[in-house]
Amino acid sequence: MKVILLQNIKGFGQIGDVKNVSDGYGRNFLLPRKMAKAANESSMKEVESLKAKRVIMIEAEKKNALEAVEKLKDIVIEFTRKATKTGKLFAGIGKDDIVKEIKKASGVQLQEEMIGHEEPIKHIGEHLVDLNLSPEVKIQIKVIVKSE
Numbered sequence: 165m166k167v168i169l170l171q172n173i174k175g176f177g178q179i180g181d182v183k184n185v186s187d188g189y190g191r192n193f194l195l196p197r198k199m200a201k202a203a204n205e206s207s208m209k210e211v212e213s214l215k216a217k218r219v220i221m222i223e224a225e226k227k228n229a230l231e232a233v234e235k236l237k238d239i240v241i242e243f244t245r246k247a248t249k250t251g252k253l254f255a256g257i258g259k260d261d262i263v264k265e266i267k268k269a270s271g272v273q274l275q276e277e278m279i280g281h282e283e284p285i286k287h288i289g290e291h292l293v294d295l296n297l298s299p300e301v302k303i304q305i306k307v308i309v310k311s312e
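The numbering used here applies: residue 165 is where the sequence shown begins, and numbers increase by one.
Below is the structure:
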């Protein structure tokens with residue numbers, strides 16, 4: 165079954181892509197959730213408009229990411245947490261904590277998926293955290309963790 169994607173699906177495709185999927189996946193998952201629609205003669209004409217929409221979205225996302233880079237390039241995030249004598253934190257600092265502090269310090273709203281640090285920060289010290297603002301725009305910020 166051929167479908168046209170109406171949304172970006174991580175690891176599968178982007179808006180406007182024509183994909184060949186199994187009938188069950190198409191009928192039972194993609195079509196009911198309005199993530200895709202069946203590809204036929206009339207819907208194939210819409211592919212070009214969907215691809216143009218995707219290009220506009222990518223440009224807007226890149227512009228927003230570059231504006232965010234200007235606000236975030238010199239930012240240092242500080243956390244003060246309870247820790248053991250060896251410097252291990254009792255509670256790790258996760259992506260949600262980092263997002264909240266960035267919002268508080270710079271006013272830039274990020275999604276947790278943009279944080280490139282998979283594991284929570286569990287030790288005192290300086291840590292470099294990758295931010296993936298868009299596929300082309302990446303930046304590192306410094307996170308300092310101090311003991312109470």
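Where a beta carbon is used, it is the ideal one built from N, C-alpha and C, also for glycine.
Asked	Found
Could one say the Cβ of Arg-218 lies closer than 7 Å to chain D's Cβ atoms, at least one of them?	Chain labels in this structure do not include chain D; a single protein chain is all it has.
Can you name the start and end residues of the beta strand (DSSP E) that Ile-305 belongs to?	302 to 311
Looking only at its own chain, which residues have a Cβ that is under 8 Å from the Cβ of Ile-179, when we skip the five neighbours before and after it?	Leu-169, Leu-170, Gln-171, Asn-172, Leu-214, Lys-215, Lys-217, Arg-218 and Met-221
Are at least three pairs of beta-carbons, each pair with one atom in the segment 183 to 197 and one in the segment 224 to 235, less than 8 Å apart?	no
Would you call the CB atoms of Val-182 and Ala-202 closer than 7 Å?	no
Could you check the C-alpha separation between Ser-186 and Lys-209 for me, to the nearest Å?	23 Å
What is the rounded straight-line gap between the Cα of Ile-266 and the Cα of Gln-273?	8 Å
For Leu-253 versus Lys-306, is the C-beta distance shorter than 7 Å?	no
Between which two residues does the beta strand (DSSP E) containing Lys-226 stretch?	No beta strand (DSSP E) holds Lys-226; the alpha helix (DSSP H) holding it covers 211 to 236.
Ala-255 lies in the alpha helix (DSSP H); which residues open and close that run?	First-last for Ala-255: 252 to 257, but that is the beta strand (DSSP E), not the alpha helix (DSSP H).
Can you name the start and end residues of the beta strand (DSSP E) that Glu-242 belongs to?	240 to 245
Is the beta carbon of Val-309 sitting closer than 7 Å to the one on Phe-243?	yes
Would DSSP call Ile-262 helix, strand or coil?	helix
How many whole angstroms separate the CB atoms of Pro-284 and Gly-251, which I take to be in contact at a CB cut-off of 8 Å?	Between Gly-251 and Pro-284 the Cβ distance is about 15 Å, and since that is not below 8 Å, they are no contact.
CA-CA distance, Met-165 and Gly-280?	35 Å
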